[in-house]
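Comments concern the structure below.
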Amino acid sequence: MNDFKINSKHKIDSGFKIPEDYFENFSEKVLLKISKPEPKVVTLFYKTKTWISSVAAVLVISLSVTLFTKIAVKSTEEKLTLENYITNQSEISQYDLVALLDTKDIERIKIDLKLDDKKIEEELINSSEIENYLTE
Amino acid sequence: MEEKDFIQNLLNPKTQNEAFQKLLLDYQKPLYNHIRNIVLSHDDTDDVLQNTFVKVFQHLNKFKGESKLFSWMYRIATNEAITFLNKKAKQSGTTSSFLQTKILENLESDCYFDGDAIHLKLQKAIFKLPEKQQLVFKMRYFEEIKYEDMSEILGTSVGALKASYHHAVKKIEIFMIKD
Numbered sequence: 049m050n051d052f053k054i055n056s057k058h059k060i061d062s063g064f065k066i067p068e069d070y071f072e073n074f075s076e077k078v079l080l081k082i083s084k085p086e087p088k089v090v091t092l093f094y095k096t097k098t099w100i101s102s103v104a105a106v107l108v109i110s111l112s113v114t115l116f117t118k119i120a121v122k123s124t125e126e127k128l129t130l131e132n133y134i135t136n137q138s139e140i141s142q143y144d145l146v147a148l149l150d151t152k153d154i155e156r157i158k159i160d161l162k163l164d165d166k167k168i169e170e171e172l173i174n175s176s177e178i179e180n181y182l183t184e
Numbered sequence: 387m388e389e390k391d392f393i394q395n396l397l398n399p400k401t402q403n404e405a406f407q408k409l410l411l412d413y414q415k416p417l418y419n420h421i422r423n424i425v426l427s428h429d430d431t432d433d434v435l436q437n438t439f440v441k442v443f444q445h446l447n448k449f450k451g452e453s454k455l456f457s458w459m460y461r462i463a464t465n466e467a468i469t470f471l472n473k474k475a476k477q478s479g480t481t482s483s484f485l486q487t488k489i490l491e492n493l494e495s496d497c498y499f500d501g502d503a504i505h506l507k508l509q510k511a512i513f514k515l516p517e518k519q520q521l522v523f524k525m526r527y528f529e530e531i532k533y534e535d536m537s538e539i540l541g542t543s544v545g546a547l548k549a550s551y552h553h554a555v556k557k558i559e560i561f562m563i564k565d
C-alpha cells in the first residue's frame, strides 16, 4: 500500500450499506409524521416544566415565610433583651435618656388627653380633696 | 420543470402533497447518504432523515428561494445530523468526538457496514481529521458534491473548501500508508 493515492481510479466507497426495502416505505413514514405531529411529547415536557416551576414557587414561598417569621421573632427578642439591659444592667439613668430626646421624639410621645375645662372643673368640685389642692 | 414552478407547487395547498412526494423521492437517497456519512449508523440516519424531511415541510414557507432548494435541504440535513450527535453525546454525558469513537468501534460489527479492512481504515483515517475537514472530505469524495454547491451548503468560500479537501487528502494518504 505504499503508493496509496486517494484520487486514484479505484475509489473506495464509504462502505455503508442500506437495508433492503428501506426506501420503499420511507416516504410513507415521513408523510405520517407530518400529518400527525407529536404534541404529546411537547405537552409532557411542558407539564413537567410547569410542575417544576410550581414546586419551586411553593418551596420559595414556604421558605421565605418561615425565614421571615424567624427573623421577626429574633428581632423582637433582641429588642426586649436590649431594653432589659438598659433598665437593669447599665448605668444609664432616666435623666440620661430624657436628655437624649429631641423635640421630635417629645412630639411623638406626647399623648393628647383631650380634656376640656368643664370636665376638669367638675372633677375638681366632686373630689373631696379639692381643699387640699386649693390650699396648696 | 423549473425550480421556481416546483417551489410554487410545494407552497400551493392544492399541489403541495404531490410536490412534496416528489421532493421525498428525489432527495431521500442523496440525503440519506449525506447524513449516514456524518452519523455513521443506519438507525440514527433513519431518525435524522425523517426529522430532516419533517423540518423541510414545516419550513417550506420560510424558503425564500435565495439559495437553491438542493443546498437548502442539504443545509437542514447537515444541521440536523450535527445537532443529533451533540444531543446524543449530551444525553450519555460525553463529548461528540468520544461518542464518534464509540460508533466507529461498533462499525466493525455493524451488519450494514462493509467490514473490509480498507473501508474501516478509511473511516478511521477520516475520523482523525478536524471536524470541518471530515465534512468537506466526505461531501467531496463520497458524495461528489461540487465545490460551488458545497460552498452554498456550508457557507464557506470555494477556495477554503478546496484547501480543506487538499489537507484532508494529504493526511488520509499518510494514515493509509502507515502499517
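Same order as they appear, the protein sequences are chains A and B. FYI, the numbering for the first sequence is 49 to 184, going by the numbering used here. FYI, the numbering for the second sequence is 387 to 565, going by the numbering used here. Beta carbons: idealized from backbone N, C-alpha and C, even for Gly. Please read these numbers as outputs of a predicted model, since none were measured by experiment.
Asked, Found
"Can you tell me whether DSSP reads residue 64 of chain A as helix, strand or coil?", "strand"
"Relative to the C-alpha of residue 81 of chain A, which candidate in B:433, B:418 and B:417 has its C-alpha closest?", "B:433"
"Suppose the cutoff is 7 Å on Cβ atoms and the five residues either side in sequence are ignored; what does the same chain contact list for residue 489 of chain B look like?", "426 and 427"
"Could you check where the alpha helix (DSSP H) with residue 428 of chain B kicks off and where it finishes?", "428 to 444"
"How close, in whole Å, do the beta carbons of residue 64 of chain A and residue 499 of chain B come, if the pair is a contact with beta carbons under 8 Å?", "6 Å"
"Going by DSSP, what residue range makes up the alpha helix (DSSP H) through residue 396 of chain B?", "389 to 397"
"Just reading off the alpha helix (DSSP H) that residue 460 of chain B is part of, what are its end residues?", "455 to 477"
"Per DSSP, what are the beta-bridge partners of residue 499 of chain B in this structure?", "A:64"
"Following the continuous alpha helix (DSSP H) through residue 540 of chain B, name the residue where it begins and the one where it ends.", "533 to 540"
"If the cut-off is 7 Å on Cβ atoms, which residues from the stretch 431 to 459 of chain B count as contacting chain E, listed in chain order?", "Going by chain labels, chain E is absent from the structure shown, which instead holds the protein chains A and B."
"Could you round the C-beta distance between residue 449 of chain B and residue 393 of chain B to whole angstroms and report it? I think they count as a contact, below 8 Å.", "7 Å"
"For residue 464 of chain B and residue 412 of chain B, I'd like the C-alpha separation in whole angstroms.", "17 Å"
"So, is the C-beta of residue 108 of chain A closer than 8 Å to a C-beta in chain B?", "no"
"For residue 529 of chain B, which residues in the same chain have their Cβ closer than 8 Å to its Cβ, ignoring the five residues on either side in sequence?", "416, 419, 420 and 423"
"Can you tell me where the alpha helix (DSSP H) holding residue 556 of chain B begins and where it ends?", "544 to 563"
"Would you tell me roughly how many angstroms separate the C-alpha atoms of residue 389 of chain B and residue 467 of chain B, rounded to the nearest one?", "26 Å"
"Relative to the C-alpha of residue 397 of chain B, which candidate in B:387, B:443, B:507 and B:539 has its C-alpha closest?", "B:443"
"Counting only the same chain and skipping the five closest in sequence on each side, list residues whose C-beta sits under 6 Å from that of residue 460 of chain B.", "539"
"Excluding the 5 residues preceding and the 5 following residue 83 of chain A in the sequence, name in chain order all residues of the same chain whose CB lies nearer than 7 Å to its CB.", "none"
"Can you find at least 3 beta carbon pairs, one from the stretch 511 to 523 of chain B and one from the stretch 535 to 555 of chain B, that sit closer than 8 Å?", "yes"
"Which of the three DSSP states is assigned to residue 158 of chain A in this structure?", "coil"
"Would you give the residue range spanned by the alpha helix (DSSP H) that residue 518 of chain B belongs to?", "517 to 523"
"Name the chain A residues whose beta carbon is nearer than 8 Å to that of residue 502 of chain B?", "63"
"Taking the straight line between their C-alpha atoms, what separation do you get for residue 156 of chain A and residue 163 of chain A?", "19 Å"
"Quick check: is the beta carbon of residue 422 of chain B nearer than 8 Å to any beta carbon in chain A?", "yes"
"Can you check which of these residues, B:438, B:526, B:494 and B:534, is closest to residue 454 of chain B by C-alpha distance?", "B:534"
"Taking residue 477 of chain B and residue 513 of chain B to be in contact with their CB atoms under 8 Å, please state how far apart those CB atoms are, rounded to whole angstroms.", "Not a contact, Cβ separation roughly 21 Å."
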